[in-house]
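The numbering of the sequence shown is this note's numbering, which starts it at 7 and goes up by one.
Don't be surprised by glycine CBs; every beta carbon is placed ideally from N, CA and C.
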Amino acid sequence: MKILVKILDLLVGICVVLLFSKYAVSFVNMMFDWDLRWYFLEDIPHLAFILFILLFVFAIPSEMIKDKQKGNE
7 MKILVKILDL
17 LVGICVVLLF
27 SKYAVSFVNM
37 MFDWDLRWYF
47 LEDIPHLAFI
57 LFILLFVFAI
67 PSEMIKDKQK
77 GNE
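Printed below as a string of structure tokens:
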């Protein structure tokens, strides 16, 4: 179970980093009038919404497993 929790936490971290970087790139473009682009992810429609949903899909089971492990100890 510890490996599963670590994998879920890693996936949550990846979703947070991608979501933050998407908005950071858009903020920098707007603030400094740059033309930064996400070459590998800009063609995915509704990416922010997908990442937000995945964040909860990975975080909630991870926290449930952690609570269950604390209850068993």
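Rounded C-beta distance between residue i and residue j? I'm assuming under 8 Å.
i     : j     : result
PHE64 : LEU14 : 5 Å
VAL34 : LYS72 : Rounded, the Cβ-Cβ distance is 35 Å, inconsistent with contact.
LYS74 : ALA54 : Actually they do not touch by this definition, with Cβ atoms about 31 Å apart.
Mark residue i as exposed unless 16 or more other C-beta atoms lie within 10 angstroms of its C-beta, in which case mark it buried.
i     : result
LEU57 : buried
Does the Cβ-Cβ distance between residue i and residue j come in under 9 Å?
i     : j     : result
LEU60 : CYS21 : yes
VAL31 : TRP44 : yes
Next on the checklist: I want to know whether the segment 64-74 touches the segment 8-23 - three or more CB-CB distances under 8 Å.
Outcome noted: With a cut-off of 8 Å on Cβ pairs, the segment 64-74 is in contact with the segment 8-23, counting three or more such pairs.
Next on the checklist: Suppose only complete runs of 3+ residues qualify. What are the beta strand (DSSP E) ranges in the segment 7-57, listed by chain order?
Outcome noted: If you keep only unbroken beta strand (DSSP E) runs of at least 3 residues inside the segment 7-57, you get nothing at all.
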